[in-house]
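Structure first, commentary second.
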Amino acid sequence: MTGKIFAILVAIITTISAYCVIAHVWWMPVDISVHGPKIDSQLEETVLVAGTLFIAGQLVLAAFVFLYGGSRAKPMQIPGGAKPLVLFAFLLVGAEVMALSFIGSKAWGAVYFTAPDPNSLHIDVQAGQFAYYFRYAGPDGKFGALHPELINEGTQNYFGLDPEHDPDARDDIVTAQLAIPVNKPILLTLHSKDVGHSFYVRELRVQQDFVPGLNLPIHFTATQTGRFEIVCTQLCGLGHYNMKAYLSVLSQADYDEWLKKQAAMQ
Amino acid sequence: MDQSSLAATTHHDLLTEASPYGIEKKKLGMWVFIVSDACTFGAFLFAYGYMRVGAPVWGTPFEFSSILNGLVMTAVLLSSSLTMLTAVRASQAGAKASAIKWLGITMLLGTIFAALHLREWFKLIGEGWRLFHNPTGGAAQFGATFFSVTGLHLSHVVTGVVALAFIARGYSRNRYDESHVETAGLYWHFVDLVWMFVFPLMYLMNAR
Amino acid sequence: MAAISARAAVHHLPPQGFIRKYVFSVDHKVIGIQYTTLSLVAAFVGMALSWAMRIHLAWPEARIPLLSLLSPNGMPGGVMTPEYYLSLMTMHGTIMAFFVLTAAPMAGYGNFMLPIQVGAADMAFPRLNMASFWVTFVGFVLACATFIIPDGPPLSGWTAYPPLSAVGPAAGPGQGWGQNLWGLSIALFCVASLLGALNFIVTTLELRTKGMTLSRLPISAWAWFINAWVSLLAFAVLLPTCLLLVLDRLGGTSFFIPAGLVFNDQLQAHAGGSPLLFQHLFWFFGHPEVYIIILPAFGIISHILPTFICKPLVGGWKVVTFAMIAVGTLSFVVWGHHMFVSGMSPFMAMVFSVPTLFITIPSVIAVLIWVFSLYRSNMRFQTPLLFSLGFISLFITGGIGGFFLAQPSTDSYLHATTFVVGHFHFTMGLSAIFATFAGFYYWFPKMFGRMLNEKLGKLHFWLSFVGVYSVFMTMHLTGFAGAVRRYSAFVDDFMVPLIPTNRFISVAALLLGATQFIFLFNAIWSRFKGPKAPDNPWGATTLEWATGSPPPFDNFGGRQVTVYHGPMEYDGEARVMQTSPEASVAGT
Amino acid sequence: MSSNRELTMSSYVGIGAGLMLIVGIEVILTYQHLPTRTLLFSLLCLASLEGFVAVMYLMHVKYEQPILFWTIFPATLFVLFLLCYLLPDAFRMASMRLLR
Numbered sequence: 000m001t002g003k004i005f006a007i008l009v010a011i012i013t014t015i016s017a018y019c020v021i022a023h024v025w026w027m028p029v030d031i032s033v034h035g036p037k038i039d040s041q042l043e044e045t046v047l048v049a050g051t052l053f054i055a056g057q058l059v060l061a062a063f064v065f066l067y068g069g070s071r072a073k074p075m076q077i078p079g080g081a082k083p084l085v086l087f088a089f090l091l092v093g094a095e096v097m098a099l100s101f102i103g104s105k106a107w108g109a110v111y112f113t114a115p116d117p118n119s120l121h122i123d124v125q126a127g128q129f130a131y132y133f134r135y136a137g138p139d140g141k142f143g144a145l146h147p148e149l150i151n152e153g154t155q156n157y158f159g160l161d162p163e164h165d166p167d168a169r170d171d172i173v174t175a176q177l178a179i180p181v182n183k184p185i186l187l188t189l190h191s192k193d194v195g196h197s198f199y200v201r202e203l204r205v206q207q208d209f210v211p212g213l214n215l216p217i218h219f220t221a222t223q224t225g226r227f228e229i230v231c232t233q234l235c236g237l238g239h240y241n242m243k244a245y246l247s248v249l250s251q252a253d254y255d256e257w258l259k260k261q262a263a264m265q
Numbered sequence: 000m001d002q003s004s005l006a007a008t009t010h011h012d013l014l015t016e017a018s019p020y021g022i023e024k025k026k027l028g029m030w031v032f033i034v035s036d037a038c039t040f041g042a043f044l045f046a047y048g049y050m051r052v053g054a055p056v057w058g059t060p061f062e063f064s065s066i067l068n069g070l071v072m073t074a075v076l077l078s079s080s081l082t083m084l085t086a087v088r089a090s091q092a093g094a095k096a097s098a099i100k101w102l103g104i105t106m107l108l109g110t111i112f113a114a115l116h117l118r119e120w121f122k123l124i125g126e127g128w129r130l131f132h133n134p135t136g137g138a139a140q141f142g143a144t145f146f147s148v149t150g151l152h153l154s155h156v157v158t159g160v161v162a163l164a165f166i167a168r169g170y171s172r173n174r175y176d177e178s179h180v181e182t183a184g185l186y187w188h189f190v191d192l193v194w195m196f197v198f199p200l201m202y203l204m205n206a207r
Numbered sequence: 000m001a002a003i004s005a006r007a008a009v010h011h012l013p014p015q016g017f018i019r020k021y022v023f024s025v026d027h028k029v030i031g032i033q034y035t036t037l038s039l040v041a042a043f044v045g046m047a048l049s050w051a052m053r054i055h056l057a058w059p060e061a062r063i064p065l066l067s068l069l070s071p072n073g074m075p076g077g078v079m080t081p082e083y084y085l086s087l088m089t090m091h092g093t094i095m096a097f098f099v100l101t102a103a104p105m106a107g108y109g110n111f112m113l114p115i116q117v118g119a120a121d122m123a124f125p126r127l128n129m130a131s132f133w134v135t136f137v138g139f140v141l142a143c144a145t146f147i148i149p150d151g152p153p154l155s156g157w158t159a160y161p162p163l164s165a166v167g168p169a170a171g172p173g174q175g176w177g178q179n180l181w182g183l184s185i186a187l188f189c190v191a192s193l194l195g196a197l198n199f200i201v202t203t204l205e206l207r208t209k210g211m212t213l214s215r216l217p218i219s220a221w222a223w224f225i226n227a228w229v230s231l232l233a234f235a236v237l238l239p240t241c242l243l244l245v246l247d248r249l250g251g252t253s254f255f256i257p258a259g260l261v262f263n264d265q266l267q268a269h270a271g272g273s274p275l276l277f278q279h280l281f282w283f284f285g286h287p288e289v290y291i292i293i294l295p296a297f298g299i300i301s302h303i304l305p306t307f308i309c310k311p312l313v314g315g316w317k318v319v320t321f322a323m324i325a326v327g328t329l330s331f332v333v334w335g336h337h338m339f340v341s342g343m344s345p346f347m348a349m350v351f352s353v354p355t356l357f358i359t360i361p362s363v364i365a366v367l368i369w370v371f372s373l374y375r376s377n378m379r380f381q382t383p384l385l386f387s388l389g390f391i392s393l394f395i396t397g398g399i400g401g402f403f404l405a406q407p408s409t410d411s412y413l414h415a416t417t418f419v420v421g422h423f424h425f426t427m428g429l430s431a432i433f434a435t436f437a438g439f440y441y442w443f444p445k446m447f448g449r450m451l452n453e454k455l456g457k458l459h460f461w462l463s464f465v466g467v468y469s470v471f472m473t474m475h476l477t478g479f480a481g482a483v484r485r486y487s488a489f490v491d492d493f494m495v496p497l498i499p500t501n502r503f504i505s506v507a508a509l510l511l512g513a514t515q516f517i518f519l520f521n522a523i524w525s526r527f528k529g530p531k532a533p534d535n536p537w538g539a540t541t542l543e544w545a546t547g548s549p550p551p552f553d554n555f556g557g558r559q560v561t562v563y564h565g566p567m568e569y570d571g572e573a574r575v576m577q578t579s580p581e582a583s584v585a586g587t
Numbered sequence: 000m001s002s003n004r005e006l007t008m009s010s011y012v013g014i015g016a017g018l019m020l021i022v023g024i025e026v027i028l029t030y031q032h033l034p035t036r037t038l039l040f041s042l043l044c045l046a047s048l049e050g051f052v053a054v055m056y057l058m059h060v061k062y063e064q065p066i067l068f069w070t071i072f073p074a075t076l077f078v079l080f081l082l083c084y085l086l087p088d089a090f091r092m093a094s095m096r097l098l099r
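Protein chains in written order, with numbering that gives the first Met the number 0: chain E, 0 to 265; chain B, 0 to 207; chain P, 0 to 587; chain H, 0 to 99.
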C-alpha cells in the first residue's frame, strides 16, 4: 500500500513538473538579440535531453516501487547485473553530454569567441552601489580617462572625469539609462566603481558580472525596439534588490534625437 | 602484505587487518597531514604567483646580503634535517641519550633559523615594508605575499621546535618511543621541503 | 564457527566522571552524538532563518514583534530591513552548508559508526577527534555570535565574494566584525574538518579488524573514506582563502581588492588585488564541498537500501564505490561552472563545462544501481526505506537541473536565478538532508537504544516529500522566467507578476518547516520513552548491528570480532538477509 | 615500513651536500639575469628535484611500500596542477586592468 502511494505521488509530481515546463507556464521572455536564438535552442535542446532523463528516471523508480512494493516473493537480481546499466550510462548519457557540450560550445562561442564588429557603437558602463551609469563617447568618439579620486555623486561626476585637463572627457555624455539603436552592433565595456555587480537583461539573453578592477567587454545586437529592464544579479549590498536601469532600444532616428537631448543636458 | 611490513605492525595489530601501507597509524596520520598542508602552502604560493602575474610593476627588493642570509638559513635548516635524521636513527638503534642529544641540536638549529628569519623581517620592516606598503613604489603585494608565506612557514618551524621539545621530554621519560621521534622527524623534513620552494620563489625571484 | 573470542587487550578503559564521559569525551560514540546534536541545533537555527526570510518575501510589511526583540536594528518594529534579509540569507547558507550538511552525515554518523563498522574500539586518534569537535563547536558559536554583536551579521552571502566582504564597513552594513567572525568561524571549521578527515582516513586504513578487508567494507565506510580524502584536499585550500580574506580585512593587505574602489566618494587605499582570485580559491573548495556533502549520502543510501529491499545492490559494493571514487575525483576539476558569467576567461568556461557534464555519468551510474536494485526486490516499508526512496527521487530531480547550469550558454541566462536555488537545494540540500534523515531513523536505535515511532516517522516523510517538491520545484520554474535570487523584495517589473508564486513557495516552506517539528518531537520523545531497541532491529548485516544497542564503551564488550564475508555477500542467489547478529560476523 | 638503514649516515650527508649544491646553482642562476619566465621555470625544476630527493630519501618514501608513493604524490600534484587553472585569469587581470 505504502509503495503504491509513493509511486502514484512520484508520478503525479513528475507529470505536474513536466507539464509546467512543456507548457511554458513560466518561461523566458521574448528574445531580442541576434545571438539569443542559439542560446534558446540550446536551452530547448537541454530541456529535451534532461526532461527525458527526468521523466524516465522518476517513472522507472515509481514503477519498481509500485510493482515490488508489496511483493513477498523471493528477491532476484536484474538479469545481466550491473554491466548493462554501466554501459547505458556511458554510452547514452555519455553521448548526450558530449552532444550538449559540443553544440553548447557553439552557442557560447557565438557570444564570447567572436570579436565585436569594428564599427559597433561603444558604450562605457559603470556600476556602483546601487545604480548603473552609461557613458557615450560624444562627437570626438574618444572616452575621457577615469580618475576614481574625482568621483563625486554631489557634482554628478559619476565616472571621475577631468574635463579641465582632459579634452577627451569634455564631450562625454553620461546618462542613467541605456539607449541603443536597433540592429546596430553594440560594444559595452563594463567596470565597477566599488563591489561586484552584474548586467542582466533577460530579453537580450545577456548576463555578465562587473569585476572590480577589470574592464570587461561584452557585445550584442538588439533586433527589436522597446524598453527592457537591466537588473543586478550579483549580491552587492543592502540595495541589491533595487539596483536596476532601463534599456531602450530605439530606431536610429529616435536614438540620434535622444542622444542630442542628453548631450544638451550635460 | 610481505614480512617486512608485518614486522612493522604493533602488538594489538595482530588482531587487525594489516595496513596496506605497512606503517603504523601515527606515521600514516603524519603523511596525510603533510599532503593537506602541502596543498595549503600550494594555495598560498599560487596566490603569490597570481598577484605577481597581475601586477603592473613588481619591485625586486632583495640585495645580495638578503640572499646570502637566505642561503645561510637554507644551510641551517638543511643541516637540521640531517641532525633530525641522526636522532631518528639513534632512537631506532636504541641509543636514547644520543637521540635526545641530536634532537636538542635540531631544536637549536631550528631556533637559529627562526632568529635569522626574524632578523630578515625586521630589516624589511625597518626599510618601511608593510603588509600593505612597498617603500620602493612597486606593488604593495610584495609585502603581503612575502610576510604571509614566510610567516606561515616560520609558524611551522616554531611549532616544530616546540613539538620536538615535547617529544624529547616524553621520550626521555619513556612516555614516547622511537616511533614518535620518527613521526616528528617526518614533520621536520616537510618543513625543510617547503623551504626548498619558498626560498627560490620568495627570495631568489625577488633578487635585485 | 565461533566468530567472537575474548579480545586480547581492551583498547582503553572507560573514563570516569561526567565531564570526561559526556563533555570532553574521547569516545567516538559520544563525539558522534555531540556532532549530530550540534547539527540538529544548527539545522533548526538555519530553518528559523529561512522562515523569517520566506515570511518577509511573502508579506514584506508583516510585523514580527518577537524578532524585533531579538534584533532591534535588523527588524525595527518587527519589519525586516533589506540588509537584515541578506544577513539571514548569508547565515542560513553558512550554517546549513557547513554546520549541518557537512557535519551531520560525515562527522556525526561517521564518527559513531565508522569504527564500529570496521570493528575497531575507537578512532585512530581519539584526542584529535575530541579536538575537532570542540573546534567545530567554537566555530559554530562564533557564527551565531554574529547575531548579537553590534555590527550585526555579515550580508555578503555564504560565498562572501570580495570586495564587498573584504573592504570593511565602507561597503555598507554587515561588513564590520560580523564578517571577521564569519571568516574566523569558517577557518576554524576548516581546521576541524582537516583533523576529522585525517582521523577517518587513518582509522579506515589501520584499524580494520581481522577479516575486514577493504573489499568487505560497508559502502557507508567507503563513502566516509573517499569523502575524507576529498575534504582533506578541499578544506586545505579553503583555509588559506579564509586567512587571506581576514588578512585583507584586518591586516590591510589587498589580495582580493583591486585599485581605485570608491565608496561614497572616498577612494580606498587598497590596490592590486583580484576578486576573481578569491572566487577561484573559494570554488576550488566550494565545488568539492557539494560532493563532500552528497558522498556520505550516497554511502548511507547504499548502506540502508539492501537491508530494506532484502537483497544486495546490483553489482555489489564495487560499482557504487567506483562511481563514488569517480565523482570524488571529478569534483575537483569542475569548480569553474560557478563562475561562467563572473568575468573568468571564456576559454576556461569551456574547460570547466565539459567535465561538469561528464560528472553526470558516475552519478547516473549510482542512481541506476539504486533504482534497478529495486527490481524484483522485497521491500519493507519502514521509515528509513521511505527516506531512501525519497532521496533517490530528489537526487534525480536535482541532477537534472545540473544539465542546464553545466553549460555556459544556458547558464548565462539561468545563472543567479531561482533555478540555481532550486537546483542546489534539491541536490546538496534536501537530498543530503533526506539521506541524513534516513540515517537517523536507521541508526537511532543503535545510537540511543530506543526505537523511533514509525507512524510519526512516516508522517514526517510524506509531508516533507511533498513540501520539498512544492517549494523547490516551483523555484526551478520561476527561474525559467528569470526570477533573480537574493532579492529581499520584488520591485522589478518582471518580478512583480511572480509575487503570488512566491507567496505559494513561502506558505509551502513554512509548512515544510513545521513538519520538521514532528521529527524533533519524535526524536526527543523516543529518546526517553521509546520502546527498547534490540541489537539488530532491521536485520542488517554490518558490524554495528553485531553489538549491543547502544554499544558498550569499547564497542564489542572486550570481544575480538572476526569478519568472514562482506555486507552484501550471500551464498548464491540474493535472499532475505539473516536477522541474527551472528550473520553479520560469522556468516551462515 | 619504518626502517631507513638502507643508507649509511655518510651517504645522507652526501645527499644533504647535494641539496645544498642545487641551492647554490639556483643562486648562481638568479644572477645570470635570465628572463623572468626562464628563471622561474628553471628554479621550479630545481626546487622540484630537491623536493623529490627530500621526500624519497630524507623522508625515505623510497623504502616504504610503493603504495605510499602512489598516494601522496598523485594527491598533492593533482591539487597543485589544478591550481594552475587560476593563471589564465591572472594574465587576463594584467591585460584588462581598468586603470593603467
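The beta carbon of each residue, even a glycine, is placed where N, CA and C say it ideally should be.
Pick helix, strand or coil for P:S164, following the three-state DSSP scheme. Taking the first residue of the third sequence as position 1, residue 164 of chain P is located at position 165. Here P:S164 sits in coil by DSSP.
Kindly indicate if chain B contains any beta-carbon less than 8 Å away from that of P:G285. Position 286 of the third sequence, counting from 1, holds the residue named residue 285 of chain P. It does not: the Cβ of P:G285 has no partner Cβ on chain B nearer than 8 Å.
In three-state DSSP terms, what is E:P180? Position 181 of the first sequence, counted from the first residue, corresponds to residue 180 of chain E. Strand at E:P180.
For H:A74 and chain P, any beta-carbon pair shorter than 8 Å? Residue numbering aside, residue 74 of chain H sits at position 75 when the fourth sequence is read from its first letter. Output row for H:A74: interface = yes.
Please list, in chain order, the chain P residues whose beta carbon lies closer than 7 Å to that of B:V31. Here residue 31 of chain B is taken as the residue at index 32 of the second sequence, counted from 1. Here the neighbours are L197, I200, V201 and L231.
Output the boundary residues of the alpha helix (DSSP H) element that contains B:A162. Counted from its first residue, the second sequence places residue 162 of chain B at position 163. Its alpha helix (DSSP H) spans residues Q140 to S171.
Looking only at its own chain, which residues have a Cβ that is under 7 Å from the Cβ of B:A206, when we skip the five neighbours before and after it? By 1-based counting over the second sequence, the position of residue 206 of chain B is 207. Hits under 7 Å: T59, F61 and I66.
Output, in chain order, the set of chain P residues within a Cβ distance shorter than 7 Å of E:F112. In the first sequence, counting from the first residue as 1, residue 112 of chain E sits at position 113. Under the 7 Å cutoff, chain P gives P345.
Just checking: is the beta-carbon of H:L39 within a distance shorter than 8 Å of some beta-carbon in chain B? Within the fourth sequence, residue 39 of chain H is the residue found at index 40, counting from 1. True, the Cβ-Cβ gap to chain B drops below 8 Å.
So, is P:V366 buried or exposed, given that buried needs 16 or more other C-beta atoms within 10 angstroms? Here residue 366 of chain P is taken as the residue at index 367 of the third sequence, counted from 1. It is buried - the Cβ of P:V366 has at least 16 other Cβ atoms within 10 Å.
Does the beta-carbon of P:P125 have 16 or more other beta-carbons within 10 angstroms, so that it is buried, or is it exposed? Position 126 of the third sequence, counted from the first residue, corresponds to residue 125 of chain P. It is buried - the Cβ of P:P125 has at least 16 other Cβ atoms within 10 Å.
Per DSSP, the bridge partner or partners of E:I122: Indexing the first sequence from 1 puts residue 122 of chain E at position 123. Bridge partners of E:I122: E:Y135 and E:L187.
Between the Cα of P:L237 and those of B:T39, B:L27, B:I33 and B:E16, spot the shortest distance and give me the residue it belongs to. Locating residue 237 of chain P in the third sequence gives position 238, counting from the first residue. The residue with the shortest Cα to Cα distance from P:L237 is B:T39.
At a Cβ threshold of 8 Å, is P:V340 touching chain H? The sequence position of residue 340 of chain P within the third sequence is 341, counting from 1. P:V340 does not count as touching chain H.
Chain B partners of H:L33, CB-CB under 9 Å? Your numbering for residue 33 of chain H matches position 34 in the fourth sequence. Correct list: empty, because the minimum Cβ distance to chain B is about 11 Å.
For E:A252, decide whether its Cβ has a neighbour in chain P, counting only Cβ atoms nearer than 8 Å. On the first sequence, position 253 is the one that residue 252 of chain E refers to. Output row for E:A252: interface = no.
Compare the beta carbon distance of E:M0 and E:R201 with 8 Å and say whether it is the shorter of the two. As a first step, residue 0 of chain E must be located in the first sequence, where it is residue number 1. As a first step, residue 201 of chain E must be located in the first sequence, where it is residue number 202. No. Outside cutoff.
B:F189 CB to nearest chain P CB: under 8 Å? Position 190 of the second sequence, counted from the first residue, corresponds to residue 189 of chain B. By this cut-off, B:F189 is not an interface position.
Is there a C-beta anywhere in chain H that falls below 8 Å from the one on E:H103? Along the first sequence, read from residue 1 onward, the residue named residue 103 of chain E stands at position 104. The sequence shown places Gly at residue 103 of chain E, not His. No, no contact with chain H.
DSSP puts E:R226 in a beta bridge; with which residues? In the first sequence, counting from the first residue as 1, residue 226 of chain E sits at position 227. Looking at the DSSP assignment, E:R226 forms a beta bridge with E:S247.
By Cβ distance, which residues of its chain are closer than 6 Å to B:T73, with the 5 residues on each side in sequence left out? Translated into positions along the second sequence, residue 73 of chain B becomes position 74. Closer than 6 Å at the Cβ level, and outside the excluded window around B:T73, lie F198.
What residues of chain H sit near P:G259, judged by a beta carbon separation below 8 Å? Taking the third sequence and counting its residues from 1, one reaches residue 259 of chain P at position 260. Here the neighbours are L97 and L98.
Minimum C-alpha distance to P:M323 - residue among P:V350, P:F403 and P:F224: Within the third sequence, residue 323 of chain P is the residue found at index 324, counting from 1. For P:M323, the nearest C-alpha among the options comes from P:F224.
Between the Cα of B:H155 and the Cα atoms of B:I22, B:W187 and B:A86, which residue gives the shortest distance? The sequence position of residue 155 of chain B within the second sequence is 156, counting from 1. Nearest option by C-alpha distance: B:W187.
Per the DSSP calculation, E:S288 is bridged to which residue(s)? The structure shown has nothing for residue 288 of chain E, since chain E only spans 0 to 265.
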